[in-house]
Each structure stands twice: as structure tokens, then as C-alpha cells.
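For the sequence shown, the residue numbers in this note's numbering are 36 to 366.
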Amino acid sequence: MKEENEAIEKKIKEGNNLRNINKKVFGRQNVVKEKKKSEENIKRTTSSSKYAVTDLASEREMINKEKAKSEPLSEKQMKSERQTNPRLVEEANIAFDKSTQMKFMLEEMLSGQIQMPSTKEQFKQQIKLIEEINKELKELKEEIKMEEEKSVELIKVLEKVKKLSGELEVIEKKFVVVFEEFVEVEKRIGRQKEEEKKEKEEERKEKKRRKEEKRKKERERKEEEVGRRRREEEENKRIEEERIREEERKVEEEEKKKMEDEIKKKKGRKEEDKKQMTNEMKKVKLEGLAKKNLNKKEEDEMKKKEVEGKKEEDLNQKKGMKNIRKGMKRR
Numbered sequence: 036m037k038e039e040n041e042a043i044e045k046k047i048k049e050g051n052n053l054r055n056i057n058k059k060v061f062g063r064q065n066v067v068k069e070k071k072k073s074e075e076n077i078k079r080t081t082s083s084s085k086y087a088v089t090d091l092a093s094e095r096e097m098i099n100k101e102k103a104k105s106e107p108l109s110e111k112q113m114k115s116e117r118q119t120n121p122r123l124v125e126e127a128n129i130a131f132d133k134s135t136q137m138k139f140m141l142e143e144m145l146s147g148q149i150q151m152p153s154t155k156e157q158f159k160q161q162i163k164l165i166e167e168i169n170k171e172l173k174e175l176k177e178e179i180k181m182e183e184e185k186s187v188e189l190i191k192v193l194e195k196v197k198k199l200s201g202e203l204e205v206i207e208k209k210f211v212v213v214f215e216e217f218v219e220v221e222k223r224i225g226r227q228k229e230e231e232k233k234e235k236e237e238e239r240k241e242k243k244r245r246k247e248e249k250r251k252k253e254r255e256r257k258e259e260e261v262g263r264r265r266r267e268e269e270e271n272k273r274i275e276e277e278r279i280r281e282e283e284r285k286v287e288e289e290e291k292k293k294m295e296d297e298i299k300k301k302k303g304r305k306e307e308d309k310k311q312m313t314n315e316m317k318k319v320k321l322e323g324l325a326k327k328n329l330n331k332k333e334e335d336e337m338k339k340k341e342v343e344g345k346k347e348e349d350l351n352q353k354k355g356m357k358n359i360r361k362g363m364k365r366r
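Written as C-alpha cells, this is what we have:
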């Protein structure tokens, strides 16, 4: 692609060189026009001139002689060239050759052998170059036609230039058609690019939407995961607390059981001690009872003795009282 573009640029530069060569040829046209104006002015003054004649050829010869006396050397050389035209023929042939090369290059472009311009600017530049070449060839034809004494070489060159000019005009029309097609294709490509751009924009928006949706789902999933973990932690914490409470309850029950067992043991020992004590007390009591019975017997005997002694004492008291009463009665 880069090499083909460089080739096109090279051809365009050659076209520019062609324009420079043609300018040298076409620059002579202004000189010829000026000379014609001078001759017309001289013709208008011949009726009052000292060279007044009726023969036009003689008049032109006399005018040329008169002008040759007053014109500078460069003008004389130019007139000499106008009569012989060797340089005009040479430069016209050069312009023809260069224009022919340009024509071949343009035909190769149209046939697809080399790449056509790839941008509007390159197309416009190419068409402008073709227009300038056609214009210069037309000017070259006009200049050759203006020569009054045409040589065989000039006639041949004129025919070649006419033919080449016609071919280039056809090529120019083809280029304009191709350019219009190119513009249409470019518009279609532009529309396609615009559609592709819209599609890419829609795709980008869709990707962004999917990405946002994915992020949202991921965020919700993470939040759900965090919530699930929190619930699991709370559940694990609750289970752990229940386990701790259960262990504490078991420990309390074990301690309570131990205490109860200890109490039972103590109570058992106490009851045993009490029983033993009771037994001992019973034993002591029995012993005491036996002793008491023995003592009671002795006591009964003593009481009996005391009763008997009391009875005896009461009896004695009664006897004494009787004696007292008896004594009182005696008084």
C-alpha cells in the first residue's frame, strides 16, 4: 500500500514537471499574441505612413524590416525561431511524450494495473492534474495552429497532440465517473462505518450493561455470601452458647449430684452415727433402765421403808395429837 502510494506521488510529481515544461512552450503564446497586436496596430497606421502600399505581403515585409531595426536582439531571435520553429517542435514533442506517459499511467490506473487514488484529496489532485494537462494540450494546439508557416514536423505534432488531447479528454471523463463512483462507495462505506460505529456503540453499551449486571450480581452474591456467613456465624455462636450452657448445666448437675452424693454420704454417715448413737443410747438406756429398775427396786424398798416410817411417824403424830387433846381437855 505504501509503495503504491509512493508510485502515485511520483507520477504526480512527473505531472508537475510536465506542467513546467509545457509552461515554457505555452509562454511563447503570449509573445505571439503581442506580436499580432503590434502588427494590427501597424496595419491601422499604414494609410498615413511613409510606407503606404497596397500589396499586403510587401507591406508585411516592410513592417518586419522596420521593426527589426528598432527591436532588441531577443525579439529578433524570437522571430527567427518563429520562422524555423525547431525549439517549438522539440518542446512540443517533449510535452507530447510526457503527456503520453501520463496517459499510460492513467490508463493503468483505470485498468487496475496500479492502485487508484485512495482518498478524495488524491482523486481531486489527480483530476486537477488531468484538467491542467488537457488545458495545456489545447493551448499547444492553438499555438501550433497560429503558426503561419507550418512545417511538416509541426503538422505531425499537431495531429498527435489532437489525438492525445482527445484520448485524455476521454480519460478525464472516465476519471470523473470513477471519482463519482469512489465518492458513492466512500459514502456507502461511511454509512457502513457509521452503522458499524453505532453497532459497536450498541455493543459497547450492551457489554457495559452486561458488565454492570454482572457486577451487580457479583455484588449481590457477595452480599448474600456475607449475609449467609453472618447467619452461619450467628448460628454457630448460638450453637456454641447452647453447648456452653449445656456443659455448664452438666457441670452444675454433676456438682449438684456430687453435693447430693456428698450430702447423702454425710447423711448416711450421720444416720449411721445417729443409729449407732441410738443403739448406744438404747444400750445405755437399757443399762440405765436395768440399773434404774434395780435402783427403783431399791428405791421402792426405800420408799416402802419411808412410807412405813412415815406411816409410823403419822401414827405417832396422831398419837401425840390425841395425847395433846387429851391433855387440853384435862385442863
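Note that the Cβ used here is the ideal one computed from N, Cα and C, for glycine as well.
From a predicted model like this one, the values you see are computed outputs, not experimental measurements.
Ranking Glu307, Leu141, Phe214, Lys233 by CA distance to the CA of glutamate 202 puts Leu141 first. At least 8 Å separates the beta-carbon of leucine 145 from that of valine 220. Judged by DSSP in its simplified three-state form, glycine 303 adopts helix. Each residue's CA atom was taken as its position, placing isoleucine 279 and glycine 262 some 25 Å apart. Excluding five sequence positions before and after lysine 180, the CB atoms of its chain that fall closer than 8 Å to its own CB belong to Leu193, given in chain order. For isoleucine 162, the enclosing alpha helix (DSSP H) has its first and last residue at 155-181. The C-alpha of phenylalanine 131 lies about 10 Å from the C-alpha of methionine 137.
Burial is judged here by how many other beta carbons sit within 10 angstroms of a residue's own beta carbon; valine 196 has at least 16 and is buried. Note that the C-beta distance between isoleucine 168 and phenylalanine 210 is not below 8 Å. When C-alpha distances from lysine 208 are compared across Glu306, Lys243, Gln161, the shortest belongs to Gln161. For the pair glycine 303 and glutamate 315, the Cα-to-Cα distance works out to about 17 Å. The three-state reading of DSSP puts isoleucine 298 in helix, counting H, G and I together. In the structure shown, methionine 151 falls within a coil segment according to DSSP collapsed to helix, strand and coil. About 40 Å separates the beta carbon of lysine 228 from that of serine 200, a gap too long to meet the 8 Å contact definition. Taking the Cβ atoms as the reference, isoleucine 149 lies roughly 5 Å from glutamate 143, within the contact range of under 8 Å.
Only exposed fits isoleucine 298, as fewer than 16 other CB atoms lie within 10 angstroms of its CB. Serine 134 is classed as buried because its beta carbon has at least 16 other beta carbons within 10 Å across all chains shown. When the alpha-carbon of glutamate 125 is set against those of Lys357, Ser153, Lys191, the nearest one is in Lys191.
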